[in-house]
Amino acid sequence: LPLGTHRVADSEGDELLAVTGDLDLCKRVCSNYRGCKSFAFCGGQCFLKDAEISGNSSSHFNPVCATYYRGTTVEVVTSTRLPAPNHGAEDISTSRPSPTEAL
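Just so we're aligned, residue 1113 is where the sequence shown starts under the working numbering, counting upward by one.
Written out as structure tokens, the structure is:
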């Protein structure tokens, strides 16, 4: 998430890695780079940082760069509805071997 248009965090933390590429590449690299919690994107380059940044972190104006940080991850839970069992055929989901067949 961007901290704001042309906003750079006052406390960016230590630089982990510099990457040349577009914003999407910087997001992907940061999400897969150990210790990356934010990055400064400056045109075609970004600087991965180890500071924990939030939407209300103190920041300052920068005409070229903006700080991006990881937002809250929302877990999406999906379920699959199984078809109703066909009572004319054996329902294999509930059939169990007899105790002697299991050995």
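We treat Cβ as the ideally placed atom computed from N, Cα and C, and that holds for glycine.
Counting only runs of 3 or more residues that sit fully inside the region 1113-1143, the beta strand (DSSP E) segments are 1119-1121, 1127-1132, in chain order. Per DSSP, the beta-bridge partners of Y1181 are S1150. Here the alpha carbon of N1174 sits roughly 16 Å from the alpha carbon of S1150.
About 20 Å separates the beta carbon of A1130 from that of S1171, a gap too long to meet the 8 Å contact definition. Here S1171 is bridged, per DSSP, to A1121.
Around the CB of T1132, fewer than 16 other CB atoms lie within 10 Å, so the residue is classed as exposed.
Excluding residues up to 5 positions away in sequence, A1130, V1131, T1132, G1133 lie with their Cβ nearer than 8 Å to the Cβ of Q1157 in the same chain.
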